[in-house]
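Numbering that gives the first Met the number 0 applies: residue 0 is where the sequence shown begins, and numbers increase by one.
Ideal placement from N, C-alpha and C gives every residue a C-beta, glycine not left out.
One structure is given here, and the rest of the page talks about it.
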Amino acid sequence: MLAGPDVRARGVGEEPVSQVVAVIALGALPPQGQEVWQQIHRGGPFRYEKDGTVFGNRERLLPIHKRGYYREYTVPTPGLSHRGARRIVCGGQRPQQPDACYYTADHYASFKRIVQ
């Protein structure tokens, strides 16, 4: 279930986007994304060393928060031998109980808020 347009990276001279308007239902994520979402809420284990590291939100597509608020997790892509482009980025002070999580299939060019 999708709603709203993708939130895309801004162009030069454009104002930053302060909130994500697109959503995706948890059940509409690829199976690997659903598994990673469950791992996040269980506290792991995670497949990649970079999973759980701070996401800087340099694109400013997610709501603006202090550095350290967001963490990123790899959503494996079948058939690839590297991390690929798919990620879940979660925000909040408690990694296992995030305030919100966002899915990107295009390596941070757009995000959709994950809803249950």
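Q | Whole-angstrom C-beta distance between Ile87 and Val74, which should lie under 8 angstroms | A | Yes, Val74 and Ile87 are in contact; Cβ-Cβ is about 6 angstroms, under 8 angstroms.
Q: Can you tell me which of His106, Thr52, Gln95 puts its alpha carbon nearest to the alpha carbon of Gln37?
A: Measuring from the Cα of Gln37, the nearest candidate turns out to be Gln95.
Q: Check Glu58 in the structure and name its three-state DSSP category.
A: Here DSSP, grouped into helix, strand and coil, assigns Glu58 to coil.
Q) When DSSP builds the beta bridges, which residues end up paired with Val35? A) Secondary-structure assignment with DSSP links Val35 through no beta bridge to anything.
(Q) What does the Cβ neighbour count give for Pro97, buried or exposed, with the cut at 16 atoms within 10 Å? (A) Flag for Pro97 reads buried.
Q) Sorted by chain position, which residues of the same chain lie with C-beta nearer than 7 angstroms to Asp105's C-beta, five sequence neighbours on each side aside? A) Result list for Asp105: Ala84, in chain order.
Q. From this set, Ala27, Gln92, Gln31, Arg57, which residue's C-alpha is nearest Tyr72's C-alpha?
A. Ranking Ala27, Gln92, Gln31, Arg57 by CA distance to the CA of Tyr72 puts Gln31 first.
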